[in-house]
Amino acid sequence: ECIPCADSHCFKEDIGVCYEARWCDWCEDGWVSINGVCEQVVDSSNCSEGCGTCVSGGKCTQCESGYSPDDNYGCIKCGENCSYCNASGCTYCKSYFYSDEGICKPYPEGCSSYNKSPKLCTYCKTVPESHGVKHGFIT
19 ECIPCADSHC
29 FKEDIGVCYE
39 ARWCDWCEDG
49 WVSINGVCEQ
59 VVDSSNCSEG
69 CGTCVSGGKC
79 TQCESGYSPD
89 DNYGCIKCGE
99 NCSYCNASGC
109 TYCKSYFYSD
119 EGICKPYPEG
129 CSSYNKSPKL
139 CTYCKTVPES
149 HGVKHGFIT
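Numbers given in our numbering equal positions in the sequence shown, counted from 1, plus 18.
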């Protein structure tokens with residue numbers, strides 16, 4: 019037996035998508051699912067710092083670049099050269115940087131891929147033959 023969604027803003031292609039008529043995974047445009055309930059998106063000027071999209075009550079649903087979600091529907095500012103972070107620090111750094119105890123550090127000079135444990139340059143950048151380097155690699 020089909021049970022309609024209890025939330026009138028819950029739908030996907032004109033079909034309600036709910037779990038046991040209480041939990042909504044997909045909401046109509048302008049609404050987002052927070053803990054299975056559709057909540058209306060508000061103007062971003064009402065959002066907290068670092069939040070690009072939020073719902074009434076200030077719950078952030080999408081953080082701006084350089085910020086990552088926290089456990090309370092807010093956003094935390096990531097450190098320099100960090101793409102994703104949490105309260106402990108950076109968990110994913112931008113290209114050519116690695117996370118060392120939550121801080122993004124640059125790869126050693128000449129590395130295009132780096133493994134921090136053990137500290138090893140796994141791939142080197144190619145260089146022009148004019149630099150006199152054998153086989154075009156820095157080692």
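Cβ atoms here follow ideal geometry from the backbone N, Cα and C, with glycine treated the same way.
When secondary structure is reduced to three states using DSSP, asparagine 104 falls in the strand class. For cysteine 111, the CB contacts under 7 Å within the same chain, skipping 5 residues up- and downstream, are Asn99, Cys100, Ser101, Ser117, Cys122 in chain order. Under the three-state reduction of DSSP, asparagine 64 is assigned to helix. Judged by their CB atoms, cysteine 139 and tyrosine 132 are nearer to each other than the 8 Å cut-off. Under DSSP, phenylalanine 115 takes part in a beta bridge, and its partners are Pro124. Each residue's CA atom was taken as its position, placing aspartate 89 and glutamine 80 some 13 Å apart.
Membership of tryptophan 49 in the beta strand (DSSP E) is indicated by the continuous run 49 to 52. Straight-line measurement puts the Cα of cysteine 28 at about 32 Å from the Cα of alanine 105.
Residue range 69 to 73 is occupied by the beta strand (DSSP E) that includes glycine 70.
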